[in-house]
Amino acid sequence: MFYIYCPYCGEHREEEEFHPKGQAHIERPKEPEACSDEEWGDYLFFRDNPRGVHHELWVHAVGCRKFFNVTRHTVTYEILETYKMGEQPSITADSQNQVAAASRQEGVRA
Amino acid sequence: MSNAATFDTRTDSAIPVEPPLAYSYRRSGAPAAGPESRVILRERALLGHLVLRGGAIVLDEAVREVLGLNLPGEPQGLVQDERGERSIQWLSPDEWLVIVPGGEEFELETRLRERLGDAHYAISDVSGGQTLLELSGEAARELLMKTVIYDVHPSHFPVGRGVTTVFAKATTILRRPSEERWELVVRRSFADYCYRWLLDAGEEYAIGVVR
Chain W
7 MFYIYCPYCG EHREEEEFHP KGQAHIERPK EPEACSDEEW GDYLFFRDNP RGVHHELWVH
67 AVGCRKFFNV TRHTVTYEIL ETYKMGEQPS ITADSQNQVA AASRQEGVRA
Chain Z
210 MSNAATFDTR TDSAIPVEPP LAYSYRRSGA PAAGPESRVI LRERALLGHL VLRGGAIVLD
270 EAVREVLGLN LPGEPQGLVQ DERGERSIQW LSPDEWLVIV PGGEEFELET RLRERLGDAH
330 YAISDVSGGQ TLLELSGEAA RELLMKTVIY DVHPSHFPVG RGVTTVFAKA TTILRRPSEE
390 RWELVVRRSF ADYCYRWLLD AGEEYAIGVV R
């Protein structure tokens, strides 16, 4: 059972109150008519399925009914952070890799 | 005044009006409250429920002027007047639930619309869609703990708090207007289900129903 922090309610709530809504930060093309079939198909149907850090859209369906973003590790299921719509994540796959690389360096030195 | 079409849902015509639990009382009965009852259930039927949506600052000014209450700006906030008859609850960053005595809601809606003018807002009268169940008695919290997924311990759920959460798998607004009272705002269509659930779960506390 997840215990998820809703950035709008400002507190942790039970997973039962939430629904996942797929990948976050998908931007609709500004001019759909100007898209090639491939671009439009990518926007409409194709989603990332990373092993590791992933940004997802969730909705607090039973609580405030607001959508927000969740950064989640798809292997450990750990929720690294949640943030409001329109905001950018502070934790990304790159930043996590840097942390991992830095700790490996430390290990070499020690 | 906005050009929204509004009408008073309470008419003068002689249609018998029944509270949402009228049928439940007949079918499932209503155990009388006695000295051994550790939980008392009472339906506050046919109150005026309005949902306000819009910016907090604009709505706060209007509500303070028209209703004399502050709009709770903090999440999970619940404010009420001294007698506890009128209340405003935070539902989401741009949504509040106003509950007033039955019959006042249309006048309140009209006055709010006059006051708000051309501001960007929405007022919905949801009086017919939901009803309020009130639980009191020493075991009320224990009864809620059987199913509510939200932490109802007094340290986490003080007086003046209200949350939208899950009660017996149904979406419910749970509020705590005073030390000894808990309120459940449930869908009218779920009222019978919630009533029977409460009777069943409250049997061990000799739950009594006040009509």
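Chain order of the listed sequences is W and Z. Take 7 as the starting number for the first sequence in this note's numbering and just add one per residue. Take 210 as the starting number for the second sequence in this note's numbering and just add one per residue. From the three backbone atoms N, C-alpha and C, an ideal C-beta is built for every residue, glycine too.
- The C-beta separation of Z/PRO228 from Z/GLU245 comes to about 26 Å, leaving the pair out of contact by the 8 Å criterion.
- By alpha-carbon distance to W/HIS79, the top candidate from W/VAL68, W/PRO38 and W/ILE97 is W/ILE97.
- For W/VAL68, the chain Z residues whose Cβ falls inside 8 Å of its Cβ are THR373, THR374, VAL375 and THR380, in order along the chain.
- In terms of Cβ geometry, W/HIS61 and W/PRO95 form a close pair [threshold 8 Å].
- According to the DSSP assignment, Z/ALA379 belongs to no alpha helix (DSSP H) but to the beta strand (DSSP E) extending over 379-387.
- Per the coordinates, the alpha-carbon of Z/LEU393 lies some 15 Å from the alpha-carbon of Z/VAL309.
- One thing to note: Z/VAL375 has its Cβ within 8 Å of the Cβ of W/VAL68.
- Assignment of Z/GLU270 by DSSP, reduced to helix, strand and coil, places it in the helix class.
- Rounded to the nearest whole angstrom, the C-alpha separation of Z/PHE315 and Z/GLU413 is 41 Å.
- The beta carbons of Z/GLN298 and Z/GLY417 sit about 27 Å from each other, so the pair does not count as a contact at 8 Å.
- In the DSSP assignment, W/PHE51 falls outside any beta strand (DSSP E) and within the unbroken alpha helix (DSSP H) covering 43-51.
- DSSP places Z/PHE399 in no beta strand (DSSP E); its state is neither H nor E.
- For Z/ALA231, the enclosing alpha helix (DSSP H) starts and ends at 231-237.
- When Z/LEU306, Z/TYR402, Z/GLY312 and Z/LEU352 are compared, the shortest CA-CA separation from Z/ALA331 is found for Z/LEU306.
- For the options W/GLU45, W/PRO26, W/GLU23 and W/PHE24, the alpha carbon positioned closest to that of W/GLU33 is the one of W/GLU45.
- Nearest CB-CB separation between W/LYS36 and chain Z: not below the 8 Å threshold.
- The Cβ neighbour count for Z/GLY257, taken over all protein chains shown within 10 Å, is at least 16; the residue is labelled buried.
- When secondary structure is reduced to three states using DSSP, Z/PHE315 falls in the helix class.
- Around the beta carbon of Z/ALA271, 16 or more other beta carbons lie within 10 angstroms, which makes this residue buried.
- The beta carbon of Z/GLN285 falls within 8 Å of a beta carbon belonging to chain W, placing the residue at that interface.
- Close CB contacts of Z/PHE399 within its chain, under the 7 Å cut and outside five residues either way in sequence, are with ALA379 (chain order).
- Counting C-beta pairs with one atom in each stretch, the region 233-244 of chain Z and the region 259-268 of chain Z have fewer than three that are closer than 8 Å, which means they do not touch.
- W/GLU20 has a beta carbon lying within less than 8 Å of a beta carbon in chain Z.
- Using beta-carbon distances, Z/LEU393 does not count as an interface residue toward chain W, since no partner is under 8 Å.
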